[in-house]
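In our numbering, the protein residues as written are 559 to 650.
Okay, here's the thing in structure tokens:
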């Protein structure tokens with residue numbers, strides 16, 4: 559074993575600073591490397607059902623040129639709105 563206990567969460571502490579009219583926080587170098595983020599990358603914050611915030615790098619996918627983004631977004635909206643119907647169909 560390499561001596562790192564994976565069962566103990568690694569904690570990072572930073573102070574919140576002002577960035578224009580917003581608030582911001584810097585990332586420790588080791589965390590930025592682990593997340594594979596660099597200046598200019600986009601990140602997202604996701605709140606789960608337990609109220610915890612998940613922080614991760616936004617993954618960009620290149621669409622084939624024959625796929626229009628607005629059509630893909632419309633499909634996503636339908637799937638979100640009717641997810642129970644689709645789950646019922648899946649379970650049959």
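Positions of the beta carbon are idealized from the N, C-alpha and C atoms, including for glycine.
**Study point:** Boundaries of the beta strand (DSSP E) in which residue 592 is found, first to last residue
**Key:** First-last for residue 592: 587 to 593, but that is the alpha helix (DSSP H), not the beta strand (DSSP E).
Check your understanding: Between residue 615 and residue 629, which are expected to be in contact by the criterion C-beta below 8 Å, what is the C-beta distance as a whole number of angstroms?
Key -> No, residue 615 and residue 629 are not in contact; Cβ-Cβ is about 26 Å, not under 8 Å.
Check your understanding: Going by DSSP, what residues sit across from residue 641 in a beta bridge?
Key -> Its beta-bridge partners do not exist; DSSP assigns none.
Check your understanding: Are the Cβ atoms of residue 583 and residue 576 separated by less than 7 Å?
Key -> no
Check your understanding: Excluding the five sequence neighbours on either side, which residues of its own chain have a C-beta within less than 6 Å of the C-beta of residue 581, listed in chain order?
Key -> 574
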